[in-house]
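Per the numbering used here, residue 8 is the first one in the sequence shown, and the count goes up by one each step. Yeah, the Cβ is synthetic: ideal placement off N, Cα and C, and Gly gets one too.
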Amino acid sequence: MASPWPPDLTFTMPVAPITTIGNDLQTIVGRSQLAGTVNGVTYIPAGTRAGADTHTRTLSLINRTSAVTVAALTLVSGVDLTDNVAKTITLSTTSANRTINVGDILEWESLHVSNGIADPGGLVVATMALRS
């Protein structure tokens, strides 16, 4: 018998580019209508960007309601973005940080580190396994 629950709920949100080095951007991804656990986050950039060690950028999915980081990736040297190629954002190793409750607000953050690097913008995709 098939489960009455879909296997995953997907949030997608386009995010604007950051062309001025040193600027940051926060974008609301969505408000969860169901409870679950985030099991994947990817960023599909609209351009190519090479990572850097000193002046870099951190990309994060934040649960704004509980003020925790769900997933994050710092674009250090060797961690690059390629135009239209999905980049996996590392999930928090703290399982409670990946738990989403009904009404939680998810937000994407693109924050500069030191002077920062540009962010080409793109599409954030987060998947969540539903809790029954």
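From the listed residues Asp15, Ala125, Ile107 and Val22, the smallest Cα separation to arginine 71 is found for Ile107.
When the Cα atoms are used, arginine 64 and glycine 85 turn out to be separated by approximately 13 Å.
Sequence-distant partners of isoleucine 96 (beyond 5 residues in either direction) whose C-beta falls short of 8 Å from its own C-beta, in its chain, are Val48, Thr49, Tyr50, Leu66, Ser67, Leu68, Ala78, Ala79 and Leu80. Within the model, the alpha-carbon separation for serine 73 versus threonine 34 is close to 16 Å.
Under the three-state reduction of DSSP, arginine 56 is assigned to strand. Alanine 125 carries a coil assignment under DSSP once its states are collapsed to helix, strand and coil. Put simply, of Gly37, His119, Trp115 and Thr55 the residue whose alpha carbon is nearest the alpha carbon of alanine 93 is Thr55.
Annotated three-state conformation of alanine 78 is strand, per DSSP.
In terms of Cβ geometry, threonine 44 and alanine 136 form a close pair [threshold 8 Å]. In terms of Cα proximity to threonine 17, the closest of Thr100, Gln40, Asp90 and Ser102 is Gln40. Under the three-state reduction of DSSP output, arginine 38 falls in the strand class.
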